[in-house]
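Counting in UniProt numbering, the sequence shown runs from 1 upward without gaps.
Here the structure comes first, spelled out in structure tokens, and everything after it is commentary.
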Amino acid sequence: MQVTASLNNLRMASRKVRLVANLVKGMEAEKAKKQLQFMNKKAAAIVLKLLNSGLNNAKHNFSLNEDNFFIARLDVEAGPSLKRWLPRAMGRATPILKRTCNINLILEEKTPSKPATIQKKKPKAEKTEKEAVREAPPSVEKEERISVVSERPEEKRKQPFIAKPFGASGQSKKRFFSRQTFGNIKKVFRRKSI
């Protein structure tokens, strides 16, 4: 049986994580744990945490023995990059790509075993007011059904149309507003005042 665990958007370049991932690919889970504990790489602690998560998934979700697993696949893929800028000499700027990666781990059993059957409890869905009205027996009068549904707020009333003192075209708007304001004189930049 396969058990999966994944880690998305890890703020580390995928090539750095692959150095660790390629070392433990195909190993038994317990050997890989020991290897990762003593590895002198930052990514080793992250991959170890992901491996423990996968083993816990097997234990809690499927009631499987942790000692019976090996790493079937450990894929490290590039994620989205954060774009940043670094100021340089003479007013220039160079782009920085802060890379991220996604790690997918697939564990498989060495000797296949049947997982214990787990009965999932179905959560009881609470009935909304509309469903309660629909399910009301036909003996209930129509007025009582309507009273169950909460009243909607009153719709906004449309205001009456107000005629504008100027026409609809842009030309007439300019003419109207130019009469109202002191904008009749064109403002021109003059280097020296007269």
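Beta carbons are placed, not taken as given, at the ideal position from N, Cα and C, and that holds for glycine.
Residue range of the unbroken alpha helix (DSSP H) whose run includes residue i
i: N40; result: Neither: N40 is in no alpha helix (DSSP H) and is coded neither H nor E.
Three-state class that DSSP yields for residue i in the structure shown
i: S53; result: helix
i: R190; result: coil
Between the CA atoms of residue j and residue i - distance to the nearest angstrom
i: L19; j: F62; result: 31 angstroms
i: T94; j: V17; result: 25 angstroms
i: S14; j: D75; result: 10 angstroms
i: A58; j: F70; result: 12 angstroms
i: A32; j: N102; result: 20 angstroms
i: L36; j: A44; result: 5 angstroms
i: T100; j: V3; result: 24 angstroms
i: R84; j: E30; result: 40 angstroms
i: K98; j: P80; result: 9 angstroms
i: A5; j: R92; result: 43 angstroms
i: L55; j: N68; result: 10 angstroms
Which residues DSSP lists as bridging residue i, in chain order
i: L30; result: The sequence given here has Glu at residue 30, not Leu. E30 is not bridged to any residue.
query: In chain order, which continuous runs of the alpha helix (DSSP H) of length 4 or greater are located wholly inside the region 4-28?
result: Those alpha helix (DSSP H) runs which fall completely within the region 4-28 and span 4+ residues are 14-24.
- request: Output the residue ranges of the beta strand (DSSP E) runs that lie fully inside the region 44-104 and measure 3 residues or longer, sorted by chain position.
  value: The region 44-104 contains these whole beta strand (DSSP E) runs: 69-78, 82-87 and 93-98.
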